[in-house]
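What follows is one structure encoded as C-alpha cells, with my remarks underneath.
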Amino acid sequence: MKKAIALVLVALSVASCTQTEKGAGIGAASGAIIGGAISNDVRGAAVGAAIGGVGGALIGHATEQPGQCYYRDRYGRRYIDRC
Numbered sequence: 000m001k002k003a004i005a006l007v008l009v010a011l012s013v014a015s016c017t018q019t020e021k022g023a024g025i026g027a028a029s030g031a032i033i034g035g036a037i038s039n040d041v042r043g044a045a046v047g048a049a050i051g052g053v054g055g056a057l058i059g060h061a062t063e064q065p066g067q068c069y070y071r072d073r074y075g076r077r078y079i080d081r082c
C-alpha cells in the first residue's frame with residue numbers, strides 16, 4: 000500500500016507545469032517517503048516533505064532558463080518565449 004501511495008505522489012508531482020513546480024513536487028514526495036521511513040512517524044514525513052519540497056523547488060528554479068517564460072496557447076500546448 001505504501002508503494003502505491005508513493006507511486007501516485009511521484010506521478011502527480013511529475014505532472015506539474017514548470018521545472019520549479021516539478022522539483023518541489025518530486026522533492027516533497029521523496030522527502031515524505033524518506034522522512035517517514037527513517038522516523039516511522041507522521042511528523043518525520045511532514046518535516047521530510049517540507050525540506051524536500053523547498054530543496055526541490057530551489058533546484059528546479061535553478062534549471063529554468065533565465066529570461067524565458069512558459070506560456071500556453073489556446074489549444075493547451077506549452078511554449079517558451081521571452082518574458
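According to numbering that gives the first Met the number 0, the sequence shown holds residues 0 to 82 in order.
For glycine and all other residues, C-beta sits at the position ideal for the given N, C-alpha and C.
Just so you know, these numbers come straight off a predicted model, no measurement behind them.
Residue i vs residue j beta-carbon contact at 8 Å
i, j, result
"Cys-16", "Tyr-69", "yes"
"Lys-21", "Gly-75", "no"
"Ala-61", "Ala-44", "no"
Collapsed DSSP secondary structure at residue i in the structure displayed
i, result
"Gln-64", "coil"
"Arg-73", "coil"
Span separating the alpha-carbon of residue i from that of residue j
i, j, result
"Ala-48", "Gly-66", "30 Å"
"Ile-33", "Arg-77", "33 Å"
"Val-46", "Asn-39", "12 Å"
"Arg-42", "Arg-73", "43 Å"
If we count Cβ pairs, one from each stretch, closer than 8 Å, do we get three or more for the region 21-41 versus the region 52-67?
Cβ pair count under 8 Å is three or more, so yes.
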